[in-house]
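Here the structure comes first, spelled out in structure tokens, and everything after it is commentary.
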Amino acid sequence: MERCAARRAPEEERRVRANAREYNEKFQYASNCIKTSKYNIVTFLPVNLFEQFQEVANTYFLFLLILQLIPQISSLSWFTTIVPLVLVLTITAVKDATDDYFRHKSDNQVNNRQSQVLIGGVLRQEQWMNVRVGDIIKLENNQFVAQADLLLLSSSEPHGLCYIETAELDGETNMKVRQAIPVTAELGDTSQLARFDGEVICEPPNNKLDKFGGTLYWKENKYALSNQNMLLRGCVLRNTEWCFGLVIFAGPDTKLMQNSGRTKFKRTSIDRLMNTLVLWIFGFLVCMGVILAIGNAIWEHEVGVCFQIYLPWDEGVHSAFFSGFLSFWSYIIILNTVVPISLYVSVEVIRLGHSYFINWDKKMYCAKRRTPAEARTTTLNEELGQVEYIFSDKTGTLTQNIMVFSKCSVNGHSYGERQMPEPGDVQDVLGHKAELGERPEPVDFSFNPLADPRFQFWDPSLLEAVKLGDLHVHEFFRLLSLCHTVMSEEKSEGELLYKAQSPDEGALVTAARNFGFVFRSRTPKTITVHELGQAITYQLLAILDFNNIRKRMSVIVRSPEGKIRLYCKGADTILLERLHPINQDLSSITTDHLNEYAGEGLRTLVLAYKDLEESYYKDWSERLHRAGSAPEAREDHLARLYDEVEHDMMLLGATAIEDKLQQGVPETIAILTLANIKIWVLTGDKQETAVNIGYSCKMLTDDMTEVFVVTGHTVLEVREELRKAREKMMDASRSVCNGFSYQEKLSSKLTSVLEAIAGEYALVINGHSLAHALEADMEVEFLETACACKAVICCRVTPLQKAQVVELVKKYKKAVTLAIGDGANDVSMIKTAHIGVGISGQEGIQAVLASDYSFSQFKFLQRLLLVHGRWSYLRMCKFLCYFFYKNFAFTMVHFWFGFFCGFSAQCTTSTSSHCTTSSTRRCLCSLWVSLTRLLLPRAKGRCPCPQDVPEQRSMEYPKLYEPGQLNLLFNKREFFICIAQGIYTSILMFFIPYGVFADATRDDGAQLADYQSFAVTVATSLVIVVSVQIGLDTGFWTAINHFFIWGSLAAYFAILFTMHSDGLFRMFPNQFRFVGNAQNTLAQPTVWLTIALTAVVCIVPVVAFRFLKLDLKPELSDTVRYTQLVRKKQKTQHRCMRHAGRAGSRRSGYAFSHQEGFGELIMSGKNMRLSSLALSSFAPRPSTSWIDTLRKKKGCEGSSAGSPSGAADKTLRV
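So, in structure tokens, the structure goes:
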């Protein structure tokens, strides 16, 4: 994104005066005007041509065209180069113009959005591009803050509060609170705001989302500003009717855009290799020209001088040396087909076709959101088949960010079942599919008029316990309805809307609501709950708020009977050690339940209570008040008092919440892992949440040898933890592997000894630790440790850190990386990775706009890589190998002919035959791919492009993906093999007809050997051989394949006969002089025998080699094809049996995903309105039999080397 203003010098500080555009404009701050287009009507033609001729290929062929216009050195007509060059330039120009038109359209749409701006004391609808720094803007409820970063001045809420969602910024959909400073919170109407002329002096634009520092100067006073006073671009206003904000940063200066990173031009590894090869080929072309030029100079000096009488030199040529010089340029023109312009055209056409295949894939279409997959670029398709590292966001990408109350343990009894599968997937205890009528019904909450109809629970015994008056169950749900910071809004009678700071907390309060304990409203000092239909108001005495250190929260309430009770909920590791000793037996049972829940990937909390004496509470309350007023160490004093009262509690039970994964996430991760793709999760969420999701989606498993957690706060601590992790992995490897297997591992293609270790490890690292690990002197240690692990999870990372991690892997591993996310906080890593994928989810479209590919669900990534990516890579590699083979076979014939024509720069074929052959072969691939793309919708879904195996087999056998990662199908070695085959073909193509024609005669006894007959024979042999070769390279035949491959052969003969026809001669007598030559030559049996002999000798060795390779050393794709052929012949159908995986045995962390609660805010009453006190899967599937077979076939040496005796302890290392 560019701003419409000129560039300016970096700022040291920013000065913004409200309602003073003239004052602010002198600083030349960025505006909101967006300009992503490159051209206009006047500049399009010159700028576009300038850009196109920056391409080496275009400049090279322009140079050839100029050479062909010089009669002394050109034996070919100029139109053989200008026609394809103009065609390429025109097609590219049309494509660029179309793209820029849509950029203009998008710019206009964004720039013309309307904003309410205070101008001259009146709110006016102003275009977005006209919003300036210093303007005052009005926002309304549920409005997206899209204009700028704003300083909150006032709002409809008491004390200038407003509530926001920051999903676009940090991926979290829970609410956060922002507050205006008191001096501006009273500016509630436009007349007061119009007179506001305060000046803000603050930090310059930066990418720190959680920090802001500045000062407001107004009426000779100054007021400190912090991030709590800011509304950043990308957040959404919630539960607030309106607010006013002062524009501080606009356009590219906003913190969101500062984190977006620069858009980088992405090129595939094949592009880079192809550019290198083209330079090599050009050097080879020059060498051939030099050799033939030297031959020409020698021939003219030794032999040509004797024929000056009837074969004089051209005008201006006075020496053999100068003749050789001109001959050099002539041969550069003749042999230019070795680097043809059609290479670049064909590559772009193929890529465009692959992009359409992705867009048209109905299996990547999400009907629920009506969102198809979209290839937003056409240049990276084959790179999709070479991905080794995937970097994924968590919230909205792996998960739906929907929390479901799934299970609970109350007084030693476990309640709840996992949510039932869809009707077609219900299975009984034996694993057989059940009938639809057997599907259990959810609990009926119709007795409760205030129940949430969207809530479902599958164990009716819990509701029965409530109805039977079980005191423990009642107290359990009473705690859930009281111990929280949720705010309730009742829009109409009985229609409750809960606004929670975290979705976990909302799920718990909703569960209590449905089971009859309905949180109805709150004031700063009371909480009203409807318990089984009876309204009860509790006096709220204190909220002991949650933070990441305490990992728990408590409330102290007084019941209507006057009893004071503390209710507490928190992480099991924290609360269980704070229980009264009398709870030991119950604690043991509850711990077993917690392990069971955690093994299923559920997020757990422990619930406890404590009765307080009146006298003790009064004393404690007084000390709490003094601690809250302490000028120093306030937080420490409060923490000690909180810790004091939260001891000797009575255990009530535990809850288990399911953070719902997106459909198909575990399967996708499992399959991609089997494809040797490493998946790293980079999330802004807290560690416990990320680890839970890691277990849920099977990135982390209990079968892993160890999970390392790095939490160091200093450089030394982080380095030591990484060192210990590496040492432990190495020690385990030495103890498991014997000498032979270990050395065998080390000899494989590895960049680090650590990657040869035995066992499976995972690494979890926090954001503050990652900041140290990414420093220059430690980044290699971190990378080696992380790459040795099967899974890596980075928690609490900033958008910039995400990009740094991706850049680190790109820098040292030289591997293809893919980043996938759905929020604006993922844009930076999406732009940094080789391939960026955007999920069109609930967090806006910033990630999609910055991505190369987009779709609506993570599970489609499996198909994008294993099917489209692998096929794209396969097709591109096959095309390039064939292309270079074909061009060398055609071009080298002219090189050999130079030794038999006095190095005179004469073509082997005549001008017409040369044009026929060259044009036919140039257009073959590009015409074939482009027209099949147009005809594909009529092909009844059958893809006409090469497929080594069907798409189902690509998904079933992930190991088929590995050749792309290892770059086996097209590399320098494969290139030289193609070149060698092309040179071999050219030798046979030239010397077999040359030998035959030396003594051959026509049917009438006349000599067969003449230049034109030889040219037609060689050209026809060439076209037939390369057509048969592309047929051999085609592994998936359709009618469309046959039409274009053999149709191109028929087109050659049609063009050949036309160019030797009488009609064309009459129109162009100087260009088409050899009338009837093709018909006469091809009427001779000797010619056809020569063509057949040449084709057989060229093709038979290739067929023999491929047959022997298939029989002696088949590739995995060959085996899969053979297996499929056998299955078809036997006409048997195989069904894959699915087995349920066993539950794990780990412990879960605290289930809240927020850092600080609303406790202090609620108790202060600042968030309460004066008019109203009520504020408005995957069933785990292990490796099936074919995966085990694949692993055995591909030789997992480490697994065969043995495993530690006994079951190793699976520990979570801290």
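Counting from 341, one number per residue, gives the positions in the sequence shown under my numbering. Virtual Cβ for every residue (Gly too), placed ideally from N, Cα, C.
Less than 8 Å separates the beta-carbon of M1044 from that of Y1101. Here H870 is bridged, per DSSP, to V858 and A875. Listed in chain order, the non-local C-beta contacts of T877 below 6 Å within the same chain comprise T866 and T868, local neighbours out to five positions each way being set aside.
For the set V1132, T1051, S667 and I610, the Cα lying nearest the Cα of N1106 is the one of T1051.
For C1127, the uninterrupted alpha helix (DSSP H) run begins and ends at E1119 to C1127, by DSSP. By the Cβ neighbour-count rule, T430 is exposed, with fewer than 16 other Cβ atoms within 10 Å of its own. Bridge partners of Y949 according to DSSP: Y907 and M990. Residue nearest to A1164 within the set K1154, A1143 and K1151 is A1143 (criterion: CA-CA distance). Bounds of any beta strand (DSSP E) do not take in D611; it lies within the alpha helix (DSSP H) bounded by S609 to E642. Counting only the Cα atoms, W798 lies some 5 Å from P782. Counting only runs of 4 or more residues that sit fully inside the stretch 379-457, the alpha helix (DSSP H) segments are 384-392, 396-408 and 419-451, in chain order. For C502, the pairing in a beta bridge is given by DSSP as R518.
The beta carbons of N636 and F1243 sit closer together than 8 Å.
Relative to the Cα of V450, the nearest Cα in the group L651, R464, M469 and H1382 belongs to M469.
For H965, the uninterrupted alpha helix (DSSP H) segment begins and ends at E954 to G968. A Cβ-Cβ distance of about 4 Å is found for the pair L1103 and C1129, placing them in contact under the 8 Å criterion. When C-beta atoms of the stretch 1198-1213 are compared with those of the stretch 718-729, three or more pairs fall below 8 Å, so the two segments count as touching. The C-beta separation of S1388 from I1431 comes to about 17 Å, leaving the pair out of contact by the 8 Å criterion.
Considering only R472, D537, L509 and M1039, the residue with the shortest C-alpha distance to F484 is L509.
Using a 10 angstroms sphere on the CB of Q1197, the tally of other CB atoms reaches 16 or more, which defines it as buried.
For W798, there is no enclosing beta strand (DSSP E), as DSSP gives it neither H nor E. Taking C-beta atoms as the reference points, V1031 and A994 fail to come closer than 8 Å. Put simply, the stretch 1011-1018 does not touch the stretch 929-940. Fewer than three CB pairs are less than 8 Å apart.
Shortest Cα-Cα distance from Y684 to any of Q392, L1309, S1191 and F1330 involves Q392.
The DSSP-derived three-state label of W1377 is coil. If you check the CB distance, I1364 and A1435 come in under 8 Å.
F1376 and R1461 have their alpha carbons spaced roughly 11 Å apart.
With fewer than 16 other beta carbons inside 10 angstroms of its own, R710 counts as exposed.
The closest CA to that of E1007, considering only E986, R966 and K1199, is found on K1199. In terms of Cα proximity to V1005, the closest of G910, D784, L738 and L942 is L738.
Around the beta carbon of N569, 16 or more other beta carbons lie within 10 angstroms, which makes this residue buried. Using a Cβ distance threshold of 8 Å, G664 and I621 do not count as a contacting pair. Ranking C575, N788 and P1303 by CA distance to the CA of A851 puts N788 first. In terms of Cβ geometry, K548 and L572 do not form a close pair [threshold 8 Å]. In this structure, the CA atom of T555 is about 29 Å from the CA atom of A967. Distance from the CA atom of H658 to the CA atom of L666, rounded to whole angstroms, is 12 Å.
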